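Below is one structure; the comments refer to it alone.
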Amino acid sequence: MKVSVIVPTFNSAKTVEDTIKSIINQNYTDLQIIIQDGESTDGTKDIIAKYPMAMSGWRSEPDNGIYDAMNKGISRVTGEIVAILNSDDTWFPDILERVVPVFVRNPDVGIVSGSIEVWENS
């Protein structure tokens, strides 16, 4: 099952690279990355451009906030599973490899969520 990962961004130059790396370093590789940017002006695009897999799903246009950006991203998915990862968040490398089988084994499941860990910046 393909997983479409939507990353809404706006002026996320400080964090988006770690977010992208956490997606492309997943053990599960049947992925589509959709980065829906709200016309960032802080160099976010330059960082995304370093990652062709992420850049292919990048679009920058005005939006009405994060939820509008998410909906714009959802309109472009090609996967059977949709995941949303904010541009200042990261995943452990095995998260999708653990989540996808839940959907496979339980076709009536519509949403899966997990716990979070908060890391203080140093």
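Read in the numbering used here, the sequence shown has 1 at position 9, and its numbers run on one by one without any break.
Every residue gets a Cβ at the ideal spot worked out from N, C-alpha and C, and that includes glycine.
None of the values given here were measured: they were computed from a predicted structure.
- Message: Restricting to Cα atoms, I'd like to know which of Val(-5), Ser(-4), Phe2 and Met(-7) is closest to Ala61.
- Response: Phe2
- For Ile108, is the classification buried or exposed, using 16 other Cβ atoms within 10 angstroms of its Cβ as the cut-off for buried? exposed
- So Leu77 packs on Thr33, CB below 8 Å; how close in whole Å? With 8 Å as the limit, Leu77 and Thr33 do not qualify as a contact, their Cβ atoms being about 22 Å apart.
- Query: Would you report the Cα separation of Val(-5) and Asp86, rounded to the nearest angstrom?
  - Reply: 13 Å
- My understanding is that Ile26 touches Ile(-2), with C-beta atoms under 8 Å, so please give their C-beta distance in whole angstroms. 5 Å
- Message: Using the three-state DSSP reduction, which class does Thr33 fall into: helix, strand or coil?
- Response: In this structure, Thr33 counts as coil in the three-state DSSP scheme.
- Query: If we cut at 8 Å on Cβ distances, does Ser79 have a partner in chain C?
  - Reply: The structure shown contains no chain C; it is built from a single protein chain.
- Query: In terms of residue numbering, what span does the beta strand (DSSP E) encompassing Ser14 cover?
  - Reply: Here Ser14 belongs to no beta strand (DSSP E); instead the alpha helix (DSSP H) covers Val8 to Ile16.
- Task: List the endpoints of the continuous alpha helix (DSSP H) containing Ala75.
- Result: Where Ala75 is concerned, there is no enclosing alpha helix (DSSP H), although the beta strand (DSSP E) it sits in stretches over Ile73 to Ile76.
- Query: Grouping DSSP H, G and I as helix and E and B as strand, with all else coil, what is Arg51?
  - Reply: strand
- Query: Leaving out the 5 sequence neighbours to the left and right, which residues in its chain are closer than 7 Å to Thr7 when beta-carbon positions are compared?
  - Reply: Ser79 and Asp80
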